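Just so you know, the sequences run in chain order A and B. Residues 1 to 600 in this note's numbering are what the first sequence lists, from first letter to last. Residues 1001 to 1518 in this note's numbering are what the second sequence lists, from first letter to last. A short worksheet on the structure shown next.
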Amino acid sequence: MPIVNIDLEWLNRLLGKPFPPEKVSESLEQIGCDVEEVVEITRSRCPNCGSLVENPLGQEEVKTCNFCGHESEVPFERAGTSKVVRLDLLAARPDLFDVGGLARALHGTLEITTGLPDYPIRDSGLSLTVDPSTEDVRPYIQCAVMTLPEVDETSLVAIMKLQENLHWGVGRDRKLASIGVYDLETLEGDITYTTLDPDSEPFVPLGMPGRPMTGRQILEEHPKGEAYAHLLSHLPRYPVLRDEKGQVLSMPPIINSEETRIKVGTKRVFIDVTGISRSAAVKALDTLICSLAELGGEIESVRVVQDGQERTSPDLTPRQREVDLEEARRWLGLPLNPDSLMASMRRMRFDIEALAGSSAKQDNRFLVRYPAYRTDIRHMVDLLEDIAIGYGYLNIEPRLVRSMTVGEPRPEEQVGQRARQVMIGLGYSEIMSLPLTTAENHYERLRQDVPERFARVSNPKLKAYDVLRSHLLTGLLEALYENRRRPVPLRLFELDNVVALDDEGPTRTAEERRLAVVEIGPDAGYAAIRTAVDALLREMGQEGRYQAIEHPTFVTGRVASFTTDGQLQGVLGELHPEILNRFNLEYPVGLAEITLHRIF
Amino acid sequence: MQNELILDENAYAVWEQLLGSDGPLKVAELEERTGVDQSQVTAAATQAAQQGYFKVEERERQELVADPQAEAVLAKGLPERQALQFLAESGQPVPNGQLAGWANKRGLPPNEVFKYGPMRGWMKRVKSDQGAALELTDLGNQALEEQDDDEKALRLAIEAGGAVYLDDLQSRGVDPARVEKLLGNRDELAKIKDRTQRLVSLTDQGRRMMEEERVKVKREQTALSSDDITSGAWRDITLRRYDVTLPAETAYPAKIHPMRKIMEETRRAFLEMGFSEVVSPMVESAFWNFDALFQPQDHPARDMQDTFYMEHPRKVDLPEEKWVEPVKRTHEDGWKTGSEGWGYKWDAETSRRVVLRTHTTASTIRALAAHPQPPGKFFAVGWTFRNETISYKHLPVFHQVDGIVIDEEANLATLLGTLQAFYHKMGFGKVRFKPAFYPYTEPSVDVVVYMESRGKWLEMGGSGIFRPEVTEPLGCKHPVLAWGLGIERLAMLRYGLNDIRELYRSNLDTLEEVALCR
Chain A
1 MPIVNIDLEW LNRLLGKPFP PEKVSESLEQ IGCDVEEVVE ITRSRCPNCG
51 SLVENPLGQE EVKTCNFCGH ESEVPFERAG TSKVVRLDLL AARPDLFDVG
101 GLARALHGTL EITTGLPDYP IRDSGLSLTV DPSTEDVRPY IQCAVMTLPE
151 VDETSLVAIM KLQENLHWGV GRDRKLASIG VYDLETLEGD ITYTTLDPDS
201 EPFVPLGMPG RPMTGRQILE EHPKGEAYAH LLSHLPRYPV LRDEKGQVLS
251 MPPIINSEET RIKVGTKRVF IDVTGISRSA AVKALDTLIC SLAELGGEIE
301 SVRVVQDGQE RTSPDLTPRQ REVDLEEARR WLGLPLNPDS LMASMRRMRF
351 DIEALAGSSA KQDNRFLVRY PAYRTDIRHM VDLLEDIAIG YGYLNIEPRL
401 VRSMTVGEPR PEEQVGQRAR QVMIGLGYSE IMSLPLTTAE NHYERLRQDV
451 PERFARVSNP KLKAYDVLRS HLLTGLLEAL YENRRRPVPL RLFELDNVVA
501 LDDEGPTRTA EERRLAVVEI GPDAGYAAIR TAVDALLREM GQEGRYQAIE
551 HPTFVTGRVA SFTTDGQLQG VLGELHPEIL NRFNLEYPVG LAEITLHRIF
Chain B
1001 MQNELILDEN AYAVWEQLLG SDGPLKVAEL EERTGVDQSQ VTAAATQAAQ
1051 QGYFKVEERE RQELVADPQA EAVLAKGLPE RQALQFLAES GQPVPNGQLA
1101 GWANKRGLPP NEVFKYGPMR GWMKRVKSDQ GAALELTDLG NQALEEQDDD
1151 EKALRLAIEA GGAVYLDDLQ SRGVDPARVE KLLGNRDELA KIKDRTQRLV
1201 SLTDQGRRMM EEERVKVKRE QTALSSDDIT SGAWRDITLR RYDVTLPAET
1251 AYPAKIHPMR KIMEETRRAF LEMGFSEVVS PMVESAFWNF DALFQPQDHP
1301 ARDMQDTFYM EHPRKVDLPE EKWVEPVKRT HEDGWKTGSE GWGYKWDAET
1351 SRRVVLRTHT TASTIRALAA HPQPPGKFFA VGWTFRNETI SYKHLPVFHQ
1401 VDGIVIDEEA NLATLLGTLQ AFYHKMGFGK VRFKPAFYPY TEPSVDVVVY
1451 MESRGKWLEM GGSGIFRPEV TEPLGCKHPV LAWGLGIERL AMLRYGLNDI
1501 RELYRSNLDT LEEVALCR
């Protein structure tokens, strides 16, 4: 989960009064933020693109720029410190990714400003034409123009950080949607969203002044190109934004051009979001511009011509949804009345009004208008959550349901507990091992043939975890190996579930609870393990019927299976010396595995 | 006077020895005859003397302690005795210069000859024509035949092991005063030391006690034998006193695994709250693991990156149509749940894919489908799987516990109440709540508990009320409370472990140190 640093002084400036850090932390927590801590952080300046980079916590030196990708041998020059509150980003709430969005929310819960925020939109006069060739490449585009209060270094960092975090939280690392921000002063005339030939239309990418590169060169040689090459490299043409004189703004979702980048002093910006998901593109743009508006930006619209149709972007018309007071009371269990309901909603920066109706029932209905950036709301319960947060979790009186229910444990847990008690009484210690292993460890090391089919994972990140265990013996032998320096005898057991393929099972698998028991020592062997198994069966009220069997894991003539009248059954014997060698064990080992309960 | 005296074996041996002796015995003699060491003899004597049974007399004596060299010196003859022989053989006075030359030649100190010869009266100083000389006396002539007193005393001391008391010499025909005079300053031969000696004897009272058999012995032992116990002999046996403050040997019991113990505590907490335990397969369909929880089919959590997909079994049949159709419709357009849905075309094949369950919510959601009518409380504990690499913080396999409450009164307030009760049972006295955002609950709540041992607040687990998009397709018309918790994290906090891998390394040195009550 990425972490964002929110500048406390800036946040307080936006709130209009200085709140102490503890108050800010607590308020942020109570709107759902994960506050890590309040700390002093250092910033460094990238010598290549001039951006301010936040030092990762505890790191004195920064050598990589996360904006242009520049890597330096020597640490970047330091550029000041500030007090910040560190937050885990909430993937579900991109509107709380930055200082602007957080200030907007706190305005509500701290009752500085409540109700729906108003973002007036002027016409920028700019148009953007979408070329049909983008259809098969990256079909969706949203855009806007914004006039910003003069961009200084702090706001430049904040804009770029928000852009980066929206790429993560909404764009799914630029795949679904990616954002470009450009200095409008550097552009001429209207803009076209089209495609370019990867090999013949070079431009100067961000961070490479004076060095024109083709699309393919960028993917192969530019640090950002390499990082995101997988998003374009399979395509015949790459998406590109150009102005009227043909100057490249960017090659989404990889990189902007050097010429059009925003810098300190930039006043007016053009913003685009392209993507393969329309909803992600809309969400990213709306979230970004509404947050920038909180920082003093003014939003302007752009005329978009696509497929012969014209539309205006952005569209920040508030959405609306009904909420029912009765439902709110039922779902939340809070003593809400129309006034407290409406106050809670307004604190969450929503508008709400009672719906006039003829019957008393209808008087319980309210119409909520919520901002476009709250794309997480897709059901009335999402509004109910906001009511609860607006009401304040700290104000809720916890209580219990009154219904009476009788708790029942699972049978395999019951029988497992009894078995555990007996084994501990016999002096065996419980171990637990992981249920994932490899075919080699699970079968071959125990001299067993690898079955043709077994519960196997197709995509393990670690090769050591691709088999779901079908017996408990490997874990116990690995435990003996782990403890091979300990004095003998050593007595261990494990109780857990094992899985086998079974077409009759609910997911084509069968699962059962087993007990496995092991003893190592000069006197360990069939007789000693048989004594333990007999003791277990006796305590479980069962009698074992033993039968000699052949089993590659055990010494021939010293291995048996047993059954009982109940569900208990199993195998026990003396471990084959070849396996002792494989596990570096120096004494005989007696081993038993018992099925306690078939689960399904 | 006491009727009966009970002694340990050592003291009794001292009493016995005194009874059989004619006169007083020295402590050293008692030690030698009884085999009881001197400190215990002294202790027994002192105690008996205090009770009036023994008389202990202290005697100051002088002991002649022979130097280890003395035996060799005597064998060759003292310097003055060798000079005596020389004078006798000369038959006339020998001038001092000649005698000194003779002594030097034999390696004898001449000054000892000139000092002790006349002092013993064996020689006298005379004048000869060659100046001062020594001449043999009558006593000297006698001395050629007989040893002097100090020589006798030294020999007696050497015979007795190196020492003899001066007052014992008289009876052996040796004059102690002459011995003291001759040897008092000859440290190279012997030293005379002052000694205090205790003489122990029975008083009449003590003797009567013994004769009337009123002194009993109590044997002292380290342990009682089986015979000692059954025969009643233990009555006469004293068990040796121990220093009970010394450390004992270390022993560890066979015990339950620390992880399992927390899982058992968790189960008990739920059972005590009236929850029934449910299970579901570890190998689970994407339908129950994801779709039934309204997780869109393109959700990143469903990526191969994060989830273990099975090679065998690869796909399974979907469950009953009564669940599949509403789940599908809810994903697509919200069905009749009042939701917008996800707005995509739901794919049955994606839902048939088989995964290793990523959470135990797969178990509770199956329980909800099977029991959609209130009231119902269910919980599940089990292994869950995430396709992650291993680190001190993460394992690809770990345990979760999940609980749900299906109830007419299920709501946010009762969710908080239930969580509070649960976490109290888990040992956290202070619990608070904050809003959170989880994909299939609305509202969602994070539980923050105060950990006394660490002195800080820690986030414990997620919870919330299932979205209607989750409950309604499964036939449940009521809000359902749900929460889950990773158990390893709890174990690590409780046991103060910094590395999650320790839990499953089966290292007995580590496991033994985890006390059961922690």
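Glycine included, each C-beta is placed from N, C-alpha and C at the ideal position. Please read all numbers here as calculations on a predicted model, not as lab measurements.
Open item on the list: If I follow the unbroken alpha helix (DSSP H) through residue 1109/B, where does it start and stop?
Closed with: For the purposes of this step, residue 1109/B is taken as residue 109 along the second sequence, with counting starting at 1. Looking at the DSSP string, residue 1109/B is not in any alpha helix (DSSP H), and its letter there is neither H nor E.
Task: Under 7 Å (Cβ pairs) to chain A, residues found in the segment 1242 to 1256 of chain B - done: 1254, 1255 and 1256
- [ ] With 7 Å as the threshold, decide whether the Cβ of residue 21/A is near any Cβ in chain B.
- [x] By 1-based counting over the first sequence, the position of residue 21/A is 21. Chain B, which has no Cβ nearer than 7 Å to the Cβ of residue 21/A, makes this no.
- [ ] Please compile the residues from chain B whose C-beta is within a distance smaller than 9 Å of the C-beta of residue 533/A.
- [x] For the purposes of this step, residue 533/A is identified with residue 533 of the first sequence, where counting begins at 1. Within 9 Å Cβ-Cβ: nothing; residue 533/A doesn't reach chain B, min ~17 Å.
Open item on the list: Taking the straight line between their C-alpha atoms, what separation do you get for residue 1276/B and residue 1396/B?
Closed with: Numbered from 1 along the second sequence, position 276 holds the residue referred to as residue 1276/B. Numbered from 1 along the second sequence, position 396 holds the residue referred to as residue 1396/B. Taking the straight line joining both Cα atoms gives about 28 Å.
Task: Close beta carbons around residue 1069/B, own chain, < 8 Å, minus the five adjacent residues each side - done: Locating residue 1069/B in the second sequence gives position 69, where the first residue counts as 1. Answer for residue 1069/B: 1188 and 1189, listed in chain order.
TODO: Kindly list the residues whose CB is nearer than 7 Å to the CB of residue 405/A, restricted to its own chain and excluding five residues on each side of it in sequence; keep chain order.
DONE: As a position in the first sequence, residue 405/A is number 405, starting the count at 1. For residue 405/A, where only same-chain residues beyond five positions count, there are no Cβ hits under 7 Å.
Open item on the list: Against residue 119/A, what residues of chain B qualify as contacts under a CB-to-CB distance less than 7 Å, listed in chain order?
Closed with: If you number the first sequence from 1, residue 119/A lands on position 119. What residue 119/A touches in chain B: nothing, since even the nearest Cβ is about 23 Å away.
Task: residue 230/A, buried or exposed, once every other Cβ within 10 Å from all chains shown has been counted against 16 - done: One-based indexing of the first sequence puts residue 230/A at position 230. With fewer than 16 other Cβ atoms within 10 Å, it is exposed.
- [ ] Please report how far the alpha carbon of residue 1121/B lies from the alpha carbon of residue 1108/B, in whole angstroms.
- [x] The count along the second sequence starts at 1 and reaches residue 1121/B at position 121. The count along the second sequence starts at 1 and reaches residue 1108/B at position 108. Each residue's Cα considered, the two are about 20 Å apart.
Open item on the list: Taking 7 Å as the threshold (beta carbon to beta carbon), is residue 1451/B in contact with chain A?
Closed with: By one-based count along the second sequence, residue 1451/B stands at place 451. No, residue 1451/B lies away from the interface with chain A (no Cβ there is under 7 Å from its Cβ).
TODO: Using a Cβ-Cβ cut-off of 7 Å, state whether residue 607/A counts as contacting chain B.
DONE: Since the first residue of chain A shown is 1 and the last is 600, residue 607/A is not available in this structure.
TODO: Go to residue 131/A, then tell me how far its beta strand (DSSP E) extends in each direction, as first and last residue.
DONE: Taking the first residue of the first sequence as position 1, residue 131/A is located at position 131. Secondary structure note for residue 131/A: it is in no beta strand (DSSP E), with a DSSP letter that is neither H nor E.
Open item on the list: Quick check: residue 142/A and residue 305/A, are their CB atoms within less than 7 Å of each other?
Closed with: Here residue 142/A refers to the residue found at position 142 of the first sequence. Here residue 305/A refers to the residue found at position 305 of the first sequence. No, the Cβ-Cβ distance between residue 142/A and residue 305/A is not below 7 Å.
Task: Cβ neighbour criterion (16 or more within 10 Å) applied to residue 1394/B - done: One-based indexing of the second sequence puts residue 1394/B at position 394. Residue burial is scored here from C-beta neighbours: residue 1394/B has fewer than 16 other C-beta atoms within 10 angstroms and is therefore classed as exposed.
Open item on the list: Would residue 1153/B and residue 1064/B be called neighbours here (beta carbons separated by less than 7 Å)?
Closed with: For the purposes of this step, residue 1153/B is identified with residue 153 of the second sequence, where counting begins at 1. For the purposes of this step, residue 1064/B is identified with residue 64 of the second sequence, where counting begins at 1. Yes, the Cβ-Cβ distance between residue 1153/B and residue 1064/B is below 7 Å.
TODO: With DSSP collapsed to three states, give me the class of residue 143/A.
DONE: Here residue 143/A refers to the residue found at position 143 of the first sequence. Of the three classes helix, strand and coil, the one that applies to residue 143/A here is strand, per DSSP.
Open item on the list: Can you find the residues in the same chain that come closer than 8 Å, C-beta to C-beta, to residue 455/A, ignoring five residues on each side of it along the sequence?
Closed with: On the first sequence, position 455 is the one that residue 455/A refers to. The residues 467, 468, 470, 499, 500, 501 and 509, in chain order, have a CB closer than 8 Å to that of residue 455/A in the same chain once the five nearest residues on each side in sequence are set aside.
TODO: In angstroms with no decimal places, state the Cα-to-Cα distance between residue 1362/B and residue 1466/B.
DONE: For the purposes of this step, residue 1362/B is taken as the residue at position 362 of the second sequence. For the purposes of this step, residue 1466/B is taken as the residue at position 466 of the second sequence. About 13 Å.
Task: Reference residue 1491/B; option with closest CA among 1302/B, 1516/B and 1129/B - done: Here residue 1491/B refers to the residue found at position 491 when the second sequence is read from its first residue. Per the Cα distances, 1516/B.
- [ ] Please go through the same chain and pick out, in chain order, the residues whose beta-carbon is closer than 7 Å to the beta-carbon of residue 1330/B, but skip the five residues on each side of it.
- [x] Here the question's residue 1330/B lines up with position 330 in the second sequence. The residues are 1294, 1337, 1339, 1341, 1469 and 1473.
Open item on the list: Going by beta-carbon coordinates alone, are residue 1030/B and residue 1014/B separated by less than 7 Å?
Closed with: On the second sequence, residue 1030/B is found 30 positions in, with the first residue counted as 1. On the second sequence, residue 1014/B is found 14 positions in, with the first residue counted as 1. Yes; because the gap between Cβ atoms is below 7 Å, this pair is in contact.
Task: Backbone CA spacing between residue 1043/B and residue 1118/B [nearest angstrom] - done: Position 43 of the second sequence, counting from 1, holds the residue named residue 1043/B. Position 118 of the second sequence, counting from 1, holds the residue named residue 1118/B. Roughly 51 Å separates the two Cα atoms.
Open item on the list: Please tell me whether residue 122/A has its Cβ less than 7 Å away from any Cβ of chain B.
Closed with: In the first sequence, counting from the first residue as 1, residue 122/A sits at position 122. False, the Cβ-Cβ gap to chain B never drops below 7 Å.
Open item on the list: By DSSP's criteria, residue 1399/B is part of a beta bridge. Which residues make up the other side?
Closed with: If you number the second sequence from 1, residue 1399/B lands on position 399. According to DSSP, residue 1399/B bridges with 1383/B.
TODO: Would you list the one or two residues that DSSP bridges to residue 1466/B?
DONE: Within the second sequence, residue 1466/B is the residue found at index 466, counting from 1. Answer is 1441/B, bridged to residue 1466/B.
Open item on the list: I need the boundaries of the alpha helix (DSSP H) containing residue 1142/B, first residue and last residue.
Closed with: Reading the second sequence from its first residue, position 142 is the one you call residue 1142/B. Where residue 1142/B is concerned, the enclosing alpha helix (DSSP H) stretches over 1138 to 1143.
TODO: May I ask you to report which of helix, strand or coil DSSP gives residue 180/A?
DONE: For the purposes of this step, residue 180/A is taken as residue 180 along the first sequence, with counting starting at 1. Reduced to three states, the DSSP call for residue 180/A is strand.
Open item on the list: Could you compute how far the alpha carbon of residue 325/A sits from the alpha carbon of residue 396/A?
Closed with: In the first sequence, residue 325/A corresponds to position 325, counting from 1. In the first sequence, residue 396/A corresponds to position 396, counting from 1. Their Cα atoms are separated by approximately 17 Å.
TODO: Quick one: which residues of the segment 447 to 460 of chain A get their C-beta closer than 8 Å to a C-beta of chain B? List them in chain order.
DONE: Listed by position along the chain: 453, 454, 455, 456, 457, 458, 459 and 460.
- [ ] Take every Cβ of the segment 1223 to 1242 of chain B, pair it with every Cβ of the segment 1076 to 1091 of chain B, and state whether three or more of those distances are shorter than 8 Å.
- [x] no
- [ ] Measuring only between beta-carbons, confirm whether residue 1407/B sits less than 7 Å from chain A.
- [x] Position 407 of the second sequence, counted from the first residue, corresponds to residue 1407/B. Closer than 7 Å to some Cβ of chain A, the Cβ of residue 1407/B qualifies, so yes.
- [ ] Taking residue 117/A and residue 104/A to be in contact with their CB atoms under 8 Å, please state how far apart those CB atoms are, rounded to whole angstroms.
- [x] On the first sequence, position 117 is the one that residue 117/A refers to. On the first sequence, position 104 is the one that residue 104/A refers to. Indeed, because the Cβ distance is near 6 Å, the residues count as touching under 8 Å.
Open item on the list: Considering Cα atoms alone, identify which of 74/A, 128/A, 80/A and 163/A is closest to residue 288/A.
Closed with: Residue mapping note: residue 288/A aligns to position 288 of the first sequence, counting from 1. Closest option to residue 288/A, Cα to Cα, is 163/A.
Task: Stretch-stretch touch, CB-based, cutoff 8 Å, three pairs: the segment 1498 to 1511 of chain B with the segment 430 to 439 of chain A - done: yes
Task: Own chain partners of residue 1347/B with C-beta closer than 7 Å, once the 5 adjacent residues on each side are dropped - done: Position 347 of the second sequence, counted from the start, is the residue given in the question as residue 1347/B. Contacts found: 1297.
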